[in-house]
Amino acid sequence: MSSVHIILPDNSIKTFNHEPTILEVAQSIGPRLAKDTLGGQIEGENEISDLRRKLKDGSRLKIITTKDPESLEVIRHSSAHLMAQAVQEIWPDVKVTIGPVIDNGFYYDFDSPRTFSPEDLEKIERKMVELLARNEDVIREDWPIDRAIETFEKMGERFKAEIIRDLAAKGETTVGIYKQGSWFDLCRGPHVQRIGQIKAVKVLSLAGAYWRGDENNAQLQRIYATAFNDKKDLEEYLHNLEEAKKRDHRKLGKDLGLFYFHPFSPGGPFFAPKGAAIYNQLQVFVREKYKKYGYEEVITPQVFDVELFHRSGHYENYRENMYFSRIEEKDFSLKPMNCPGHCLLYQAERKSYRDLPWRVADFGRLHRYERSGVMHGLNRVRTFCQDDAHIFCRMDQLQDEIASFVTMLNEIYHTLGMYNYVIYLSTRPPKRMGSDEVWDRSENALKDALTSLQLPFTINAGDGAFYGPKLDIMFVDALKRPWQLGTLQVDFNLPRAFELSYVGEDNKDHQPVMLHRAILGSLERFIGVYLEHTAGHLPLWLAPQQVSLLTVTDRQLDYGRQLENRFKDAGLRAALDLRSEKLGYKIREAQLQKIPYMVILGDKELESQTVSIRLKNGKTVDSLPIQEFIEKIALESKERRLESVFHAATNSNQEANNSSI
RNA sequence: GCCCAUGUGGCUCAGGGGUAGAGCACACCCUUGGUAAGGGUGAGGUCGUGAGUUCGAGUCUCACCAUGGGCUCCA
């Protein structure tokens, strides 16, 4: 047999007289490295390889040890096995299914006759720790597929047997089995050498799940857990999780007095004056952009004859999410979206090609019945309004309209300081209207626009709306859960359903293309995601209260009232705190309310007719002429700046006490 | 809709079969205090709702409602 060469990252070459495993390569370098080896990264492959894998001649290999972040995948993969082993040692009648690695951890789905309790989770974790101490070797065996099926069937592991049968149907003849002690599981790897290489595990939570993600299948019990290379990392992760919960928008909404929920309207947020201030400022902002980008705003009805939704196709495809009522023997529905109404409005006047593109915006209130288990603060509600607009245009205008939308979206997100959004292109779903030819055209139009604008995107096959493909602009919340904000949907179907037309240059009727688009998405969800993005520290222009005037003693009351009016006259949202509390008390309260500017009014300021300000970062600027201060922050608000104009100009280095924020 | 958990004054939470507690917030009084909590007094709860077990139920059981974490769904 000729020699096999393995190339390491420093371009050094290791030579073997056989195809070595990754572990053997590590051993040839040194025993310490071999001991810490958890897997390998082979150049040109996305996934981490199991350390037992044999390498072909000429492979470029990076050995993964505990020092590499990629090793977490291996650790967690093995931890999933460890958890399954622990569960089955405690409850032998529990059946295993699958246990993949996910962001920040892993889970395992079990089929169990008993329902797990939170105490069980502790029990499982204790068992896992016990098994860690046993430190068994993890051994891989390759079994003929028939033997594997037979073995798992005999054990009553019907889910595993089903997986293996599917592998057999795909033409596999052997499957990998990983053993630790007497316990074993079907797996592709990668796994650790010895169980003791897992240094820190934590069983986190319990959830229901369905076999293969289908709610018609068996309900399984999913246990979430995580694992790290050392205890410090685990503690840091758990700490970050706690910190993230502090910026949960539901908590911020309550603490800052922005919005509330009541059982009498599940999924129906109540915006208090402060929350409504944010809501309205966002609308003002978007309306400005509408003016700039050639949109016209319309107002359309809330309740429609159900006939409208039969025509649009929504009744057939979406009725389980609609609210109905019957009045004078006629069926009506609350609108779940604005588009059918806009189609009616389009038809109200005969359109010429000169009228296109026709861009109509609508802040209409929408109602969608969401299943009871899916509501989530402001992020998933049953009544909301979108920065919704529809663009009716000619086919040859489509590219420009898509490009213009993306430009507008960038502008708006940048003003808000949101740069890390992800674009998904969702293509035709199984349940859809329209011909494949129409779908081809619309999907390609979106792809081409993104490609020509050099915007990266991910394809979500089969996730489009029933009437057309779409772009979804996604953001994550404090716990990194993704939420859709903006959207752009190409629709060739509604214009046909409503027989929309325009007169072309050729004096003949043509059908327009319709674009559905939103940038913030629903204002409710946007506020939820944005509160978490900013941890409640809104930029001045969005802050419900921008200025808090704090008197030191009652001697400054008149001065305070006079100033409050001057701020209000300048269009600023200011309020005077004239209670006979100590200054420190008032500052604390304004600080907790995350009010951008505190204006301190004492005898000194009264005498010199100035103001002293305190920023919410704890820095102060003393003895500022009133007019100068008002003008500066009025401009900051008007220009929608993200940072305070006084950021660099503070003359005190006093640091804020952040411990209670 | 499904699985698990939770629900005690406005908020955050304690109490776990013998008849309701704290802190903050709120009201009033004293205090006029210069950059994150001055002091006192007081009001406020049929313990999510409804049934049941019990001599007696925030406390145990069941159902329902809402919320939280997931699953499924999200035109």
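Numbering that gives the first Met the number 0 puts the first residue of the first sequence at 0, with every later residue one more than the last. Even glycine gets a Cβ: it sits at the ideal position worked out from N, Cα and C. Keep in mind the model is a prediction, meaning the values are calculated, not measured.
Where residue i sits in the DSSP three-state scheme
i: Gly-252; result: helix
i: Ser-742; result: One cannot answer for residue 742 here, as it falls past the ends of the chain, which runs 0 to 660.
i: Ser-27; result: helix
i: Lys-290; result: helix
i: Tyr-596; result: strand
i: Gly-433; result: coil
i: Ile-97; result: coil
i: His-515; result: strand
i: Phe-645; result: coil
i: Thr-406; result: helix
i: Gly-520; result: strand
i: Pro-272; result: helix
i: Thr-150; result: helix
i: Tyr-322; result: coil
i: Leu-365; result: strand
i: Gly-39; result: strand
i: Asn-652; result: Any reading at Asn-652 must be qualified, since the residue scores a pLDDT of 39, below 50, and its modelled position is unreliable; no value is offered.
i: Asn-459; result: strand
i: Ile-197; result: coil
i: Leu-349; result: According to the sequence shown, residue 349 is Arg rather than Leu. Note: Arg-349 maps to coil in three-state DSSP.
i: Tyr-420; result: coil
i: Asn-657; result: Any reading at Asn-657 is ruled out, since the residue's pLDDT is 37, under 50, leaving its predicted position unreliable.
i: Asp-395; result: helix
i: Ser-70; result: helix
i: Pro-189; result: coil
i: Lys-618; result: coil
i: Val-137; result: strand
Best match in the options for proximity to residue i [C-alpha to C-alpha]
i: Phe-105; options: Ala-160, Ala-224 and Lys-178; result: Ala-224
i: Gln-358; options: Ala-243, Gln-396, Phe-323 and Ala-160; result: Checking the sequence, you will find Arg at residue 358 rather than Gln. Closest by alpha carbon: Gln-396.
i: Leu-344; options: Ser-11, Ala-25, Val-373 and Glu-295; result: Glu-295
i: Arg-75; options: Met-374, Gln-40, Arg-353 and Lys-201; result: Lys-201
i: Gly-617; options: Thr-609, Glu-638, Thr-173 and Ile-594; result: Ile-594
i: Arg-524; options: Lys-34, Ser-70 and Asp-476; result: Asp-476
i: Asn-103; options: Thr-406, Leu-71 and Ser-351; result: Leu-71
i: Ser-49; options: Ser-11, Gly-57, Ile-138 and Ser-27; result: Looking at the sequence shown, residue 49 is not Ser but Asp. Among Ser-11, Gly-57, Ile-138 and Ser-27, the Cα nearest to that of Asp-49 is on Ile-138.
i: Phe-270; options: Ile-526, Leu-634 and Ser-622; result: Ile-526
i: Glu-638; options: Phe-284, Glu-42, Ser-264 and Asp-141; result: Phe-284
i: Lys-469; options: Asp-56, Leu-365, Glu-46 and Phe-491; result: Phe-491
i: Tyr-423; options: Lys-430, Ile-401 and Met-473; result: Met-473
i: Ile-62; options: Leu-478, Val-24 and Thr-14; result: Val-24
i: Leu-251; options: Thr-533, Lys-567 and Leu-562; result: Thr-533
i: Thr-114; options: Ala-206, Thr-172 and Leu-81; result: Ala-206
i: Trp-210; options: Gly-170, Lys-159 and His-190; result: Lys-159
i: Ala-208; options: Asp-108, Asn-228 and Glu-306; result: Asp-108
i: His-248; options: Gly-376, Gln-626, Gln-488 and Asp-508; result: Gly-376
i: Phe-15; options: Leu-7, Asp-9 and Ser-27; result: Ser-27
i: Ile-41; options: Phe-227, Glu-69, Val-174 and Ala-275; result: Glu-69
i: Asp-92; options: Ala-276, Thr-299, Tyr-352 and Gly-155; result: Gly-155
i: Leu-307; options: Gly-170, His-341, Pro-19 and Asp-602; result: His-341
Nearest-angstrom beta carbon gap, residue j and residue i [assumed within contact, 8 Å]
i: Asn-535; j: Arg-246; result: The sequence shown places Gly at residue 535, not Asn. With a Cβ gap of about 7 Å, Gly-535 and Arg-246 count as contacting.
i: Ser-521; j: Cys-338; result: In fact, because the Cβ distance is near 15 Å, the residues do not count as touching under 8 Å.
i: Gln-87; j: Val-100; result: About 20 Å; that fails the 8 Å criterion.
i: Arg-587; j: Ile-599; result: Incorrect: roughly 13 Å between the Cβ atoms, too far for contact.
i: Gln-220; j: Ser-111; result: 6 Å
i: Leu-185; j: Ile-176; result: 6 Å
i: Pro-428; j: Gly-463; result: 5 Å
i: Ala-360; j: Ala-388; result: 4 Å
i: Leu-484; j: Leu-454; result: Incorrect: roughly 16 Å between the Cβ atoms, too far for contact.
i: Lys-329; j: Asp-354; result: Not a contact, Cβ separation roughly 33 Å.
Opposing strand residues paired with residue i [DSSP bridges]
i: Cys-338; result: According to DSSP, which records beta bridges pairwise, Cys-338 is partnered with nothing at all.
i: Ala-208; result: Leu-219
i: Gly-583; result: The partner list for Gly-583 (beta bridge, DSSP) is empty, contrary to what the question assumes.
i: Leu-333; result: Val-302
i: Ala-464; result: Gly-467
i: Arg-358; result: Ile-390
If you pair each beta-carbon of the stretch 578-587 with each one of the stretch 542-561, do three or more pairs fall below 8 Å? yes
Could you say if the stretch 450-457 and the stretch 485-505 meet the contact criterion of at least three C-beta pairs nearer than 8 Å? no
When the Cβ atoms of the stretch 172-184 are set against those of the stretch 195-214, are three or more pairs found closer than 8 Å? no
Touching or not, the stretch 119-130 and the stretch 78-86, by the rule of three or more beta carbon pairs under 8 Å? yes
Sufficient close CB pairs (3 or more, under 8 Å) joining the stretch 531-546 to the stretch 249-268: yes
Using a Cβ distance threshold of 8 Å, determine whether the stretch 233-243 contacts the stretch 154-171, with at least three qualifying pairs required. no
Counting pairs of beta carbons, one from the stretch 364-372 and one from the stretch 493-502, are three or more of them closer than 8 Å? no
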